[in-house]
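S.K.:
Protein chains: 2
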Amino acid sequence: MTGSRERRPGGSPLGLHRVIKPAGVLPQAAWQLDNGPDIWPDEVRVRVDRLNLDAASFRQLRDATGGGPAAMRAAVLEIVADRGKMQNPVTGSGGMLTGVVDEAGPDSPLGLAAGDRIATLVSLSLTPLAITDGLARWDGRSEQVPCAGHAILFGRSIAAVLPGDLPAGLALSVMDVCGAPALTERVVLNALLARPAAPASARSGDRGPGVPGVVPRGSGAGGRPPGPIVVILGAGGKSGSLSAVAARRAGARGVIGVVPTAQEAAAVRAAGLADEVVIADARDPVGLAAAVQSAGGPADVTVVCVDVPGCEGGAVLATAQGGTVIFFSMATSFSAAALGAEGMAADVTMLIGNGYVPGHADLALDLIRAEPGVRRLFETRHANEVG
Amino acid sequence: MTGSRERRPGGSPLGLHRVIKPAGVLPQAAWQLDNGPDIWPDEVRVRVDRLNLDAASFRQLRDATGGGPAAMRAAVLEIVADRGKMQNPVTGSGGMLTGVVDEAGPDSPLGLAAGDRIATLVSLSLTPLAITDGLARWDGRSEQVPCAGHAILFGRSIAAVLPGDLPAGLALSVMDVCGAPALTERVVLNALLARPAAPASARSGDRGPGVPGVVPRGSGAGGRPPGPIVVILGAGGKSGSLSAVAARRAGARGVIGVVPTAQEAAAVRAAGLADEVVIADARDPVGLAAAVQSAGGPADVTVVCVDVPGCEGGAVLATAQGGTVIFFSMATSFSAAALGAEGMAADVTMLIGNGYVPGHADLALDLIRAEPGVRRLFETRHANEVG
Chain A
9 MTGSRERRPG GSPLGLHRVI KPAGVLPQAA WQLDNGPDIW PDEVRVRVDR
59 LNLDAASFRQ LRDATGGGPA AMRAAVLEIV ADRGKMQNPV TGSGGMLTGV
109 VDEAGPDSPL GLAAGDRIAT LVSLSLTPLA ITDGLARWDG RSEQVPCAGH
159 AILFGRSIAA VLPGDLPAGL ALSVMDVCGA PALTERVVLN ALLARPAAPA
209 SARSGDRGPG VPGVVPRGSG AGGRPPGPIV VILGAGGKSG SLSAVAARRA
259 GARGVIGVVP TAQEAAAVRA AGLADEVVIA DARDPVGLAA AVQSAGGPAD
309 VTVVCVDVPG CEGGAVLATA QGGTVIFFSM ATSFSAAALG AEGMAADVTM
359 LIGNGYVPGH ADLALDLIRA EPGVRRLFET RHANEVG
Chain B
9 MTGSRERRPG GSPLGLHRVI KPAGVLPQAA WQLDNGPDIW PDEVRVRVDR
59 LNLDAASFRQ LRDATGGGPA AMRAAVLEIV ADRGKMQNPV TGSGGMLTGV
109 VDEAGPDSPL GLAAGDRIAT LVSLSLTPLA ITDGLARWDG RSEQVPCAGH
159 AILFGRSIAA VLPGDLPAGL ALSVMDVCGA PALTERVVLN ALLARPAAPA
209 SARSGDRGPG VPGVVPRGSG AGGRPPGPIV VILGAGGKSG SLSAVAARRA
259 GARGVIGVVP TAQEAAAVRA AGLADEVVIA DARDPVGLAA AVQSAGGPAD
309 VTVVCVDVPG CEGGAVLATA QGGTVIFFSM ATSFSAAALG AEGMAADVTM
359 LIGNGYVPGH ADLALDLIRA EPGVRRLFET RHANEVG
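Here the protein sequences line up with chains A and B, keeping their order.
Using the working numbering, read the first sequence as starting at 9 and increasing by one per residue.
Using the working numbering, read the second sequence as starting at 9 and increasing by one per residue.
Structure (structure tokens):
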């Protein structure tokens, strides 16, 4: 842990020099990475204090092990020992981490210095990681894992210094999913831009003149066409709640939150995240589409933030012809989405939720500062996790 | 095969009434469908003469069985007997079929009549199918499978009457992939529309002023900004070759075809599909990005038409910041694409290739009529398959 003793040649900004096998692939696709602590000149070594496992990965581990503390610890330790990174072999996903910069190479472009408290915004699935404490402080019941060890950032990795005005655990929870509100905002803004150019008749037929339940927003402002109807599947979750408020602030005409239980519905209503909240199983396409319709749907934009498999058909069926579905869930099946849309003759644009949008961390942190309802939801839900 | 004896109640246009298990899911997600020959009032029964297996499914079956005729036949027959549809359980994908309409229900909205020779444009993965000839005429070596049996179309299925001016096998090959050129055209047209609104400085930094190798197209026409650079991975294949000419005709500034071998490169050059042709392994991100760069890249739009796994990282890395990747390959991994882009800090829009775009069959057939190079490629490659 004392850093590199000698000057190494420059590393690849993508971390190719850390790939052990198979040779020549990118770190995310590699089975095994070199997690050694000595850094290349453009790398940064981080002293890890917390992992935040991806929701789909955590769920898979819990289902596979039964969820007991010892079994959960053993499962994560085995993956990291085997692969040199925390990438769940079943889901392919990882998560993120927080820690303190231990050493920044002289050629690192990340602008970090020793002592900076940071969160990584690239996936654990491509981040060299070593664990040294056996995860002794983790009870296996939370996605947030207290952890001692080190991790390596490449030249093109993304990391954010944790903000001083928010608790670290809260900021971590928010930044973990910050790609979702950023991409949702972009899609809603694009829909607003596209509206004036589209012939009015092209869309009005998809939905009756009456849109019950949804309060029009901004429809009178300067004659601007109303924004899209946005449906959030999993509106009570982290990415879902942030995406809901991002959609509203970007100019959505209405936001419909879909949740699985009455308890979730009450929480989403109390947080003021959505104009309408409906209870439906996102894995049931017919039931979901009917519920969305009853709340003012179909959607112009549907945002899938539920971490269970089988929601592709429902998302497509709840979306109007010409609309857009953004899949953020790592449980999404590519072929189920592609073939499902084709099979229903659904002319919808389907986006793979890219976790990187420039400015995504700042946007999400600003949302949590500006939206007390979302902040309360995060603090209530993750009370035990906020360190 | 004599049709329904009695009047049944109306079926679901999505085919929900044909789902056996699990109950309540859409036909595409179902493990097993009811493939009985009696039709509901809004259904159509087709006398099947040929299946066209999805490329990813065919490859998986060949790899799993060794590719021998008996083993291939047994594999397909077992899937259809078990599931009531030809949906490969490993890839999740299907294919399409041709046949002759045997009976159209009185309430069918598809406009078909008994005797029409048609191709289905919805996936076999959701089409009830029964095989009655044991696939005796199939040698297992082609994706096109001579077959006797029946299939069922729902109210919202899509089928096209085969054109009279093209051989049936050729039309089938073209319609099988017609979603790809249609979506490629739409994305290129959107890129052209978006250009004037974007600040010039936002994109010019991504690419040097010199773009070697690519002939600018249309850049002088009325001061219109030049179209996007489009890279086609798998430009020699069916969806790739059609997407290449669709991109060019929609206004791409340059089309770069990527193929795996010198033989493919020669074929693509002879067909005149692309401005530049480069040989690269699409599974090798670093090599692919370098090859695309040398031919005038990076891409503004990358179209992934190769049916092997592991091309996500390369597609992203070959695409400029702000660009778009369209994934048509059924071998695409959702999580590899999402996490790969995030891991490379790549601000790219990633589309799941929807097989349905309105007018897709007509567009693709018009391309094959207007582009003799593409037609020759189809006829040469699929000479043994054209019936």
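Glycine included, every Cβ here is placed at the ideal spot set by N, Cα and C.
All values derive from a computational prediction rather than experimental measurement.
1) Looking at chain A, which residues of the region 341–364 of chain B have a Cβ within less than 9 angstroms of any of its Cβ atoms?
2) Whether or not the region 122–137 of chain B and the region 167–174 of chain B are in contact is what I'm after, with contact meaning three or more pairs of Cβ atoms, one per stretch, closer than 8 angstroms; do they touch?
3) On the three-pair Cβ rule with 8 angstroms, is the region 253–264 of chain A touching the region 298–312 of chain A?
4) Work out the CA separation of A:A299 and A:A290 for me, nearest whole Å.
5) Classify A:I334: buried if its beta carbon has 16 or more other beta carbons within 10 angstroms, exposed otherwise.
6) Measure the C-alpha to C-alpha separation of B:A372 and B:V185 and round it to an integer number of angstroms.
7) Going by alpha carbons, who is nearest to A:S65 out of A:G177, A:E387, A:G148, A:S343?
8) Could you check if A:A208 is buried or exposed, using at least 16 other CB atoms within 10 Å of its CB as the buried criterion?
9) Three or more C-beta pairs under 8 angstroms: does that hold for the region 20–32 of chain B against the region 371–390 of chain A?
10) Please state whether DSSP places A:P189 in a helix, a strand or coil.
11) Three or more C-beta pairs closer than 8 angstroms, one from the region 267–276 of chain A and one from the region 232–245 of chain A: is that the case here?
12) Am I right that A:H158 and A:D115 are in contact with their C-beta atoms under 8 angstroms? What's the rounded C-beta distance?
13) Between B:L34, B:G318, B:A339, which has its C-alpha nearest B:R164's C-alpha?
14) Could you check what DSSP says for A:P136 in three-state terms: helix, strand or coil?
15) CA-CA distance, B:G348 and B:C313?
16) Determine the closest residue to B:G123 out of B:A112, B:A260, B:P117, with distance taken between C-alpha atoms.
17) Going along chain A in order, which residues have a C-beta closer than 7 angstroms to the C-beta of B:A122?
18) Spatial neighbours of A:A83 within its chain, please: C-beta separation below 8 angstroms, excluding the five flanking residues on both sides.
19) In the DSSP assignment, find the beta strand (DSSP E) that holds A:L170 and state where it starts and stops.
20) Taking 7 angstroms as the limit between beta carbons, can you name the residues of its chain near B:A252, skipping five residues before and five after?
21) Am I right that A:I139 and A:E51 are in contact with their C-beta atoms under 8 angstroms? What's the rounded C-beta distance?
22) If we define contact as Cβ-Cβ less than 8 angstroms, is B:V130 a contact residue for chain A?
23) When we look at the beta-carbon of B:T269 and count the other beta-carbons within 10 Å, is it buried (16 or more) or exposed?
24) Against chain B, does A:Q40 count as a neighbour if the rule is that its beta carbon must be under 8 angstroms from one of theirs?
25) Tell me which residue opens and which closes the beta strand (DSSP E) that A:Q95 is part of.
26) Helix, strand or coil for B:P366 per DSSP?
27) When burial is assigned at 16 or more other CB atoms within 10 Å of the CB, is B:L201 buried or exposed?
28) Per DSSP, which residues does B:M183 bridge with? Please list them.
29) Would B:G32 count as contacting chain A if we go by Cβ distances under 8 angstroms?
30) Residues of chain B with a CB under 7 angstroms from the CB of A:R164: which are they?
31) Just checking my contact of A:A279 with A:V196 at CB under 8 angstroms: how many whole Å lie between their CB atoms?
32) What do you reckon, are the CB atoms on A:G351 and B:Q36 nearer than 8 angstroms?
33) Compare the C-beta of B:G19 against all C-beta atoms of chain A and say whether one is closer than 8 angstroms.
34) So, at 6 angstroms on beta carbons, what are the nonlocal neighbours of A:L1 in its own chain, with the 5 sequence-adjacent residues on each side left out?
35) Where does B:V196 fall in DSSP's three states?
36) Could you please give me the residues that DSSP links to A:L85 through a beta bridge?
M.R.: In this structure, then:
1) Taking a C-beta cut-off of 9 angstroms against chain A, the contacting residues of the region 341–364 of chain B are S341, F342, S343, A344, A345, A346, L347, G348, A349, E350, G351, M352, A353, A354, D355, V356, T357, M358, L359, I360, G361, N362, G363, Y364, listed in chain order.
2) Segments in contact, yes.
3) Between the region 253–264 of chain A and the region 298–312 of chain A there are three or more C-beta pairs closer than 8 angstroms, enough to call the two in contact.
4) So the two alpha carbons sit approximately 10 angstroms from each other.
5) By the neighbour-count criterion, in which a residue is buried when 16 or more other Cβ atoms sit within 10 angstroms of its Cβ, A:I334 is buried.
6) Distance between the alpha carbons of B:A372 and B:V185 is about 8 angstroms.
7) Minimum Cα-Cα distance from A:S65 among the listed residues A:G177, A:E387, A:G148, A:S343 corresponds to A:G148.
8) Any reading at A:A208 is ruled out, since the residue's pLDDT is 35, under 50, leaving its predicted position unreliable.
9) Result no; under three Cβ-Cβ pairs closer than 8 angstroms.
10) If DSSP states are grouped into helix, strand and coil, A:P189 belongs with the helices.
11) The region 267–276 of chain A, when compared against the region 232–245 of chain A, does touch it at the 8 angstroms Cβ threshold.
12) About 19 angstroms separates the CB atoms of A:H158 and A:D115; that is not less than 8 angstroms, and the two are not in contact.
13) Nearest Cα to B:R164 within the set B:L34, B:G318, B:A339: B:L34.
14) Here A:P136 sits in coil by DSSP.
15) Linking B:G348 to B:C313 through their CA atoms gives a straight-line distance of about 18 angstroms.
16) Selected option, being the one with the closest Cα: B:A112.
17) By Cβ distance, chain A contributes nothing, its closest Cβ being about 23 angstroms from B:A122, past 7 angstroms.
18) Correct list, in chain order: L69, A72, T73.
19) That residue, A:L170, is in no beta strand (DSSP E); it is neither H nor E in DSSP.
20) Cβ within range, chain order: I240, A243, V263, G265, L281, A282.
21) Not quite, the Cβ-Cβ distance comes to about 19 angstroms (not below 8 angstroms), so this is no contact.
22) Taking Cβ atoms only, chain A reaches closer than 8 angstroms to B:V130, which makes this a yes.
23) Residue environment: B:T269 is assigned as exposed (fewer than 16 neighbouring CB atoms within 10 Å of its CB, all protein chains considered).
24) Look at A:Q40: its C-beta is not under 8 angstroms from any C-beta on chain B.
25) Bounds of any beta strand (DSSP E) do not take in A:Q95, whose DSSP letter is neither H nor E.
26) If DSSP states are grouped into helix, strand and coil, B:P366 belongs with coil.
27) With fewer than 16 other Cβ atoms within 10 Å, it is exposed.
28) B:M183 pairs with nothing; no bridge assigned.
29) Closer than 8 angstroms: yes.
30) In chain order: M352, A353.
31) The C-beta distance from A:A279 to A:V196 rounds to 19 angstroms, too long to meet the 8 angstroms contact threshold.
32) Using a Cβ distance threshold of 8 angstroms, A:G351 and B:Q36 count as a contacting pair.
33) Chain A contact via Cβ: absent.
34) This structure cannot speak to residue 1 of chain A, because chain A is shown only from 9 to 395.
35) Here DSSP, grouped into helix, strand and coil, assigns B:V196 to helix.
36) None, per the DSSP bridge assignment.
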